[in-house]
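Here's the structure, in structure tokens; my notes come after.
Protein chains in written order, with our numbering: chain S, 2 to 267; chain B, 2 to 267; chain X, 472 to 756; chain F, 472 to 756.
See below:
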């Protein structure tokens, strides 16, 4: 645990995951991306939000895995789900049908309005420098879930001033333009970005994401340096409560389970 | 059995059902209407076409009832089905998806092109003299199944010159008009009408239904009198083979089973 | 989140005069008891949506709860007419009933589009039929890729869906199987959903992985009403009561006989259990 | 009607150069063995359709079978990039690969529209994104009832669908459960369908009433290929082989390592059973 910080020896990634989990309240219906969102959502379920309903795009509804899944469609997600539906049904009835409170996403690149790029970086679309995986479920999650939380590490490469490609819509002028053309987002869009340094929320006046909270040991200066746009800082910046012993132990049990699952069938 | 005819003592309705069943060949996939079509289709399955797949609009696929169902969604249809799908799936994937060889319908009124009225008779649409049940599955079956067989008793009230309302499309000029408007029927439409007097098939030149076969004891004159349009008769009229002892006994076992099912839960 | 309520409470809380109501069930699992409760609570001005109106809507129409019916097949299956529906269409008794006539495929897809959050459904429907001339809800859109002109019609988005299912748990997770009809779609297309069930259980146990479940957060009220689908059926609990469907025909044929029957077996009963006891005492069941 | 064939026979009979092929499976039940067979039979000019290209298409693209890819998420789940896919996109190795980029929702609905016999799908997709600027297949249609401008895109109608399932009977009825993905839709949208299965049985027995069954008449060929989904999984038979996904990363990163691996474990093997034996002997499994 070389990057451990603070008294309890938690990492910044753990702080980020714990902070994200606390934003999920009991009874919420969450459309969960794989990786960090899945870790935060399951941590919430196993701590303060036992009746949270986790939905993965593979079709698993109200699933309760014991270890964090490695893929979006691991067998354990199906086994512990209340029911499993087809992928078209998932996107038609559950996401587009307006049955999701929060879409919980990761991202490769994000701009100050919460627009996300997961398609390509550099070069041209036809001949990209780096071809990324693409949007997956995110383009529709971003406009159809009630609101969007994004969890990603803060760095100038990820928090950029201009995206090469908008794979999933954020707020701001683009969202207004879409509405003006008669394209109707049904959710509120991205409201919160949780990073390894702190929390960003949209400013009601500008629709820009601004820094509202810092994790212990992190400074606003550090956050600004890790951001490719001119990051505004809220007048009152909150301080995140460090992970509790219970939160940390549950999170570590979840990730240990994952490592074990990976080894078991190696 | 007061209306029994012929040596074996079969009724004209039985003859009609047996004649219809013989048109269904093994391996066919049939979308089956309730009542006479269901009787004929199950008779075929239990005699010469064991691998016929019967589909009812309630969502039951490849069902094998022991008694004729009273409703389109009897429990036995579900219990003996290979699988049961939702009604939207039935109409989307199976019918509109082009997975049906033959749609097998009954009708209240039919015209010489095989257009069918099951909506209303007399008065106006808003204030009908007789309000009929409506189309149910038939409007899309008529245009989306590979071809359509119709089974109904022949009478001037049923075989009419002009319909008050076209609930389901036949062949002829209306079908051509629809195509010209860019509305695309994907099946061939009605090809055969089986009645208690004989069999009518479409004439390739005029698209009109003409009399091609007579059951034993029935005359072309009788069929013409039972038809509201000027029924044309084929140059060579075939003679239907009477029901075999085996066909009759299977059919009666089917209908006896139905009567029993009705009594059992009375 | 779901409340476990009596049927009376659920109807009082969620069904309002003038609402658009979908009480669904395709032959199987028709929520008859809930229909009785809507009649008892004297709702009026309803728009009723149902693929197959069946006896449940024959009774509701005959008792004057509805101004409008959206449907695709209105008969007494295997028996004949729905006489109260006919009387309303043909003679405006007890009041005028506007009808919006669809075909099964289109109506099923309109529910599906509602569940899918879309404003419209498109399908290869109403080719060469007269429906478009009497139903202004049917329009045409041109496929931008093929030029085909497909039927377009508004999705169904009821105020309230009412369905019957075999089981629910106390959190409102609903389990139904057998002939599924359009119930899942009706619930997900609606603003509110009431589910009557044969039994409320502590735990649904191990249901098959892909069985139909409506999670609690899609359901507003669950009401335990044993035999609440009668004379329809609940697979695994009781069979369709075919004889009752036959016996309904002469009752519904005559206005007075109908009103007497409704007085006796619905209006003068406080709950469906009372109705059931009377039906039993009088040899109906 | 279905034939029970060897995988070699099935691919030879139904997969042609230049075809549009959908080999589906959403994490679960990915038909990897069938992908190997297509590579062995040196098909070329294929248009590959798949929501999540996964290792199966990484291998097929790297071996030059495809000119075009229609997809919505192309990564190695939980590991990182599909390096062969990236090399084709970024450096046109081994040949140029045209990509048609969708989002999951839209691609799933395009399959569904194909299964439903429609020329197009409509959805509330691509709101405010750049997809429309690079994918000419995405157009807009105006809802005639609300004026909303919905995304419209052509349905997916492949020449051949290839899926893996748990079981089939000798008549070709296919039984699959667990995570269902878009396999039913892919099969019903396609002209031909090949299904590899863990086991062919005389009788599927009593499957749950509403479980997913693809009847024999929708399937052209069934091939018994035990472990044919590896390194993906078959619920009830074996688990996802996560370590293999990790191990694939360095192999796929390097063109030569990739070609050597494909030579050793695919091209020089006659069947998937041979591949499996080699993987076992070399400690992969």
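Just so you know, even glycine gets a beta-carbon here, dropped at the ideal spot from N, CA and C. This structure is a prediction, so every number in the text was calculated from the model and none was measured.
May I ask you to list the residues that DSSP assigns as paired with residue i?
i: residue 625 of chain X; result: X:591
i: residue 493 of chain F; result: F:520, F:632
i: residue 150 of chain S; result: S:105, S:193
i: residue 129 of chain B; result: B:124
i: residue 117 of chain B; result: B:111, B:169
i: residue 705 of chain X; result: X:709
i: residue 693 of chain F; result: F:475, F:666
To the nearest angstrom, how far is it from the Cα of residue i to the Cα of residue j?
i: residue 717 of chain F; j: residue 691 of chain F; result: 35 Å
i: residue 542 of chain F; j: residue 518 of chain F; result: 11 Å
i: residue 137 of chain S; j: residue 570 of chain F; result: 15 Å
i: residue 24 of chain B; j: residue 154 of chain B; result: 17 Å
i: residue 538 of chain F; j: residue 491 of chain F; result: 10 Å
i: residue 177 of chain B; j: residue 116 of chain B; result: 13 Å
i: residue 60 of chain B; j: residue 91 of chain B; result: 6 Å
i: residue 554 of chain X; j: residue 133 of chain B; result: 10 Å
i: residue 139 of chain S; j: residue 740 of chain X; result: 53 Å
i: residue 753 of chain F; j: residue 727 of chain F; result: 19 Å
i: residue 647 of chain F; j: residue 207 of chain B; result: 48 Å
i: residue 475 of chain F; j: residue 645 of chain F; result: 12 Å
i: residue 175 of chain B; j: residue 65 of chain B; result: 36 Å
i: residue 577 of chain X; j: residue 14 of chain B; result: 33 Å
i: residue 529 of chain X; j: residue 651 of chain X; result: 22 Å
i: residue 590 of chain F; j: residue 614 of chain X; result: 7 Å
i: residue 63 of chain B; j: residue 74 of chain B; result: 14 Å
i: residue 622 of chain F; j: residue 489 of chain X; result: 34 Å
Taking only beta-carbon atoms, is residue i less than 8 Å away from chain B?
i: residue 750 of chain X; result: no
i: residue 655 of chain X; result: yes
i: residue 664 of chain F; result: no
i: residue 633 of chain X; result: no
i: residue 691 of chain F; result: no
Would you say residue i faces chain S, with C-beta separation under 8 Å as the test?
i: residue 580 of chain X; result: no
i: residue 503 of chain F; result: no
i: residue 713 of chain F; result: yes
i: residue 757 of chain X; result: The structure shown does not extend to residue 757 of chain X, since chain X is modelled only from 472 to 756, so the question has no answer here.
i: residue 626 of chain F; result: no
i: residue 544 of chain F; result: yes
For a contact meaning CB atoms closer than 9 Å, what does residue i contact in chain F?
i: residue 30 of chain B; result: 686, 688
So with Cβ pairs under 8 Å, would you call residue i a contact of chain X?
i: residue 12 of chain S; result: no
i: residue 89 of chain B; result: yes
i: residue 85 of chain S; result: yes
i: residue 46 of chain S; result: no
i: residue 541 of chain F; result: no
Spell out whether any CB of chain F is found under 8 Å from the CB atom of residue i.
i: residue 209 of chain S; result: no
i: residue 267 of chain S; result: Low confidence applies to residue 267 of chain S: its pLDDT is 45, below 50, so where it sits in the model is not reliable, and the reading given next is rough at best. At least one chain F Cβ lies under 8 Å of residue 267 of chain S.
i: residue 616 of chain X; result: yes
i: residue 138 of chain S; result: yes
i: residue 35 of chain S; result: yes
i: residue 187 of chain B; result: yes
Thinking residue i and residue j are a contact (beta carbons under 8 Å), I'd like their distance in whole angstroms, please.
i: residue 686 of chain F; j: residue 82 of chain B; result: Actually they are not in contact, since the Cβ atoms of residue 686 of chain F and residue 82 of chain B sit about 10 Å apart, beyond 8 Å.
i: residue 149 of chain B; j: residue 120 of chain B; result: Actually they are not in contact, since the Cβ atoms of residue 149 of chain B and residue 120 of chain B sit about 18 Å apart, beyond 8 Å.
i: residue 76 of chain B; j: residue 706 of chain X; result: 6 Å
i: residue 643 of chain F; j: residue 696 of chain F; result: Going by Cβ atoms, the distance from residue 643 of chain F to residue 696 of chain F rounds to 15 Å, so no, they are not a contact pair.
Report the neighbours of residue i on chain F: residues whose CB is nearer than 8 Å to its CB, in chain order.
i: residue 216 of chain S; result: Ordered by position in chain F, no residue passes the 8 Å Cβ test against residue 216 of chain S, which lies about 26 Å from the chain.
i: residue 75 of chain S; result: 498, 711
Please list, in chain order, the chain X residues whose beta carbon lies closer than 7 Å to that of residue i.
i: residue 145 of chain B; result: 595
i: residue 179 of chain B; result: 598, 599
Give me the chain X residues within the contact set of residue i, using Cβ-Cβ distance strictly less than 9 Å, ordered along the chain.
i: residue 66 of chain B; result: Neighbours of residue 66 of chain B on chain X: none; closest Cβ ~13 Å, over 9 Å.
Which residues in chain F have a C-beta closer than 7 Å to the C-beta of residue i? List them in chain order.
i: residue 734 of chain X; result: None at all; the shortest Cβ gap to chain F is about 39 Å.
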